[in-house]
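Undergrad: Mapping of the sequence shown onto numbering that gives the first Met the number 0: residues 0 to 239, in sequence order. All C-beta atoms, glycine included, are put in the ideal place defined by N, C-alpha and C. Input: one structure, supplied below.
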Amino acid sequence: MAERAAIITGGSSGIGLAIARMLGQDGYGLTVSARRPEKLEEAVAGLREEGFEVHTVAANMANEEDIKRIASEHEEKFGRLDVLVNNAGVGIGGLIHDAETKKLDMQLDVNLRAVYLMTRDCVPLLRAAGKEHGKALIVNTASIAGKFGQAGLAMYSATKFGVVGLSQATQQEYGPEGITCTALCPGFVATPMTDWVEGEVPKDEMIQPEDIAAGVRFLLGTSKNCVVPEIQFLRPSDKM
Ligand SMILES: NC(=O)c1ccc[n+]([C@@H]2O[C@H](COP(=O)([O-])OP(=O)(O)OC[C@H]3O[C@@H](n4cnc5c(N)ncnc54)[C@H](OP(=O)(O)O)[C@@H]3O)[C@@H](O)[C@H]2O)c1
Numbered sequence: 000m001a002e003r004a005a006i007i008t009g010g011s012s013g014i015g016l017a018i019a020r021m022l023g024q025d026g027y028g029l030t031v032s033a034r035r036p037e038k039l040e041e042a043v044a045g046l047r048e049e050g051f052e053v054h055t056v057a058a059n060m061a062n063e064e065d066i067k068r069i070a071s072e073h074e075e076k077f078g079r080l081d082v083l084v085n086n087a088g089v090g091i092g093g094l095i096h097d098a099e100t101k102k103l104d105m106q107l108d109v110n111l112r113a114v115y116l117m118t119r120d121c122v123p124l125l126r127a128a129g130k131e132h133g134k135a136l137i138v139n140t141a142s143i144a145g146k147f148g149q150a151g152l153a154m155y156s157a158t159k160f161g162v163v164g165l166s167q168a169t170q171q172e173y174g175p176e177g178i179t180c181t182a183l184c185p186g187f188v189a190t191p192m193t194d195w196v197e198g199e200v201p202k203d204e205m206i207q208p209e210d211i212a213a214g215v216r217f218l219l220g221t222s223k224n225c226v227v228p229e230i231q232f233l234r235p236s237d238k239m
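This is the structure:
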């Protein structure tokens, strides 16, 4: 059994899959979750081939019962949680006056409410890890759209601003118990989520998912006295 364990939501592709692979390489037992079971199993087969210990939970992050199931199955399988990566997310473009309420609710549920609920349900295990080694870690994938409001992405931006605020509050609440929380704020990353912009920004000019994983590895290498509230990942031509 692995000595350290992690949960990664949205781990079947892109940023979540890269973070899962990095944590597997660093010896973590992994619970990898995502919505579509076939895609999840396909992605995880690759991780298992690389020799990592992986449990999968197909779950819709808009559903509270599914979220509870991720936490409880992980506890049953690994009995400990050192790193929680709240990464699942969805972005639906469009102008405010055209917005459909159903799509707003989906983004709120998956991008923000699920991060809160998942964190809530993982606090007991994270507290135990914090007590043991002083460096339990919660990583929330926000976005650069959570730092600067973006036209055509109003609800997505609002949820990601929410994730940055939630991350700061989480740090304030649990920092004294050896749990640190960091919001990741990337610009365009080369994943399926940015297929829509490929005509304007080629994938090989985007930030790579492995860059984000390298950021998480950096966080894990810092001492327990060091808190990194957020990391922004930008391309050389991005405005600051
Ligand atoms: N790519 C970028 O440029 C960029 C920039 C900033 C922030 N981000 C954020 O990074 C995170 C990961 O995105 P990505 O770029 O890696 O996209 P991706 O490759 O499309 O991966 C998204 C992951 O989230 C899962 N997911 C989506 N909706 C879900 C739901 N309702 N329930 C459970 N899982 C769900 C997907 O599983 P299914 O495919 O089965 O739905 C998939 O595993 C997101 O929070 C996104 O907002 C991305």
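Pick from Ala113, Thr140, Val82 and Ser166: whose alpha carbon is nearest that of Pro123?
TA: Val82
Undergrad: Pick from Leu116, His96, Ile91 and Val226: whose alpha carbon is nearest that of Asp104?
TA: Closest by alpha carbon: Ile91.
Undergrad: Should Met154 be listed as close to ligand 1, given that the test is whether its C-beta is under 7 Å from any heavy atom?
TA: no
Undergrad: Using CA atoms only, rank isn't needed, just tell me which of Gly10, Asp25, Ile18 and Gly26 is closest to Pro36.
TA: The residue with the shortest Cα to Cα distance from Pro36 is Gly10.
Undergrad: Cα separation between Arg112 and Arg119?
TA: 11 Å
Undergrad: Name the one or two DSSP bridge partners that Tyr27 has.
TA: Arg3
Undergrad: State the CB to CB distance for the pair Lys223 and Lys159, rounded to an integer number of angstroms; the pair is presumed to be in contact (CB under 8 Å).
TA: Not a contact, Cβ separation roughly 28 Å.
Undergrad: Near Leu116, what residues of its chain come up, given a Cβ to Cβ distance below 7 Å and the 5 sequence neighbours on each side ignored?
TA: Glu63 and Ile66
Undergrad: Closest to His54 by C-alpha separation, out of Glu74, Lys130 and Lys146, would be which residue?
TA: Taking only the C-alpha atoms, the option nearest His54 is Glu74.
Undergrad: With distances taken from CA atoms, which of Ile137, Leu80, Asp97 and Glu131 is nearest Leu218?
TA: Ile137
Undergrad: Is Ala87 near ligand 1, in the sense that its beta carbon is under 7 Å from a heavy atom of that ligand?
TA: Yes, since a heavy atom of ligand 1 falls inside the 7 Å radius drawn around the Cβ of Ala87.
Undergrad: What three-state label does DSSP hand Pro185 in the structure shown?
TA: strand
Undergrad: Taking the CB atoms as reference points, tell me whether Leu46 and Gly13 lie closer together than 8 Å.
TA: no
Undergrad: Determine whether the beta carbon atoms of Arg126 and Ile69 lie at a separation below 8 Å.
TA: Not in contact: Arg126 and Ile69 (Cβ atoms no closer than 8 Å).
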